[in-house]
Amino acid sequence: MKIRYVFPVALAFTSFASAVELHHVIVRKGTDGLNMVPLTISNAGNEGLSCNADFAHWYSAGIATVEPGKSARLELWFDPKTGTFTILNDKRENLPVERLWCGLAGRAYATRVQITLDRTDAAKGERAVSCVMGQDSLVCR
């Protein structure tokens with residue numbers, strides 16, 4: 008029997024499920040060991056903002072809408088051991104933030120700008136940005 012026939016037949020009888028190991032994931036809850044770092048996003052422009060967080064490469068969620076001339080305050084939490092910023096969901100589970108960004112409402116993804124977070128924000132105990140439409144794109148500083 009030739010290998011070109013044996014391999015496909017053997018592959019057909021293998022369980023694809025055994026190729027993936029499923030592990031129980033422990034989700035961190037609450038704020039023990041975390042420092043609160045509030046983020047204030049101000050809208051200095053004349054169009055509404057839609058702000059979002061990417062929690063994983065496949066999951067993102069809206070975290071704030073900010074009308075012109077208004078501000079939104081978000082509770083971020085910082086883990087000094089890992090350097091990770093998190094947002095708590097309604098079950099108080101920690102959702103590690105990969106990226107925060109804002110864009111103009113109705114076309115947020117196309118006009119998005121990333122809001123950076125780093126350890127200096129955690130050391131200051133807060134982060135504030137003001138967003139306005141620049142020449143070609145939204146600018147948040």
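Under the numbering used here, residue 148 is the last one in the sequence shown; the count climbs by one each step, no gaps.
Built from N, CA and C at the ideal position, the CB exists for glycine as well.
Because the structure is a prediction, the values reported are computed rather than measured.
Run of the alpha helix (DSSP H) containing residue i, from where it starts to where it stops
i: ASP128; result: 126-131
When the options are compared against residue i, the one with the closest alpha-carbon
i: ASP86; options: ASP128, THR123, GLN142 and ILE70; result: ASP128
i: TYR141; options: GLU28, ASN53 and ARG99; result: Contrary to the premise, residue 141 reads as Gly rather than Tyr in this sequence. Among GLU28, ASN53 and ARG99, the Cα nearest to that of GLY141 belongs to ASN53.
i: ALA60; options: LYS98, PRO75, THR89 and LEU83; result: LEU83
i: SER107; options: PRO75, GLN121 and LYS88; result: It is worth fixing the name first, because residue 107 is Leu in this sequence and not Ser. Residue GLN121 is the option with its Cα nearest to LEU107.
i: ARG35; options: GLY76, CYS58, ALA68 and THR91; result: THR91
i: GLY40; options: THR93, PHE62, CYS58 and GLU28; result: THR93
i: ALA63; options: VAL104, GLU28 and CYS147; result: VAL104
Contact belief for residue i with residue j at Cβ below 8 Å, rounded distance in angstroms
i: LEU81; j: PRO45; result: 7 Å
i: ALA112; j: GLY37; result: Between GLY37 and ALA112 the Cβ distance is about 33 Å, and since that is not below 8 Å, they are no contact.
i: CYS138; j: ASN50; result: 6 Å
i: ILE48; j: VAL32; result: Not quite, the Cβ-Cβ distance comes to about 30 Å (not below 8 Å), so this is no contact.
i: THR71; j: ALA79; result: With the sequence shown as reference, residue 71 is identified as Ala, and Thr is not the correct amino acid for it. Their Cβ separation, rounded to whole angstroms, is 4 Å, which keeps ALA71 and ALA79 in contact under 8 Å.
i: ALA115; j: SER57; result: 4 Å
Delimiting residues of the beta strand (DSSP E) encompassing residue i
i: GLN121; result: 120-122
i: VAL34; result: Neither: VAL34 is in no beta strand (DSSP E) and is coded neither H nor E.
i: ALA135; result: 134-140
i: VAL104; result: From DSSP, VAL104 is part of no beta strand (DSSP E); its letter is neither H nor E.
Other residues of its chain near residue i: CB distance less than 7 Å, five sequence neighbours each side excluded
i: THR118; result: GLY110, LEU111, SER144 and LEU145
i: PRO149; result: No answer is possible for residue 149: the residues shown for the chain start at 8 and end at 148.
i: ARG126; result: GLY90
Own chain partners of residue i with C-beta closer than 6 Å, once the 5 adjacent residues on each side are dropped
i: LEU124; result: PHE92
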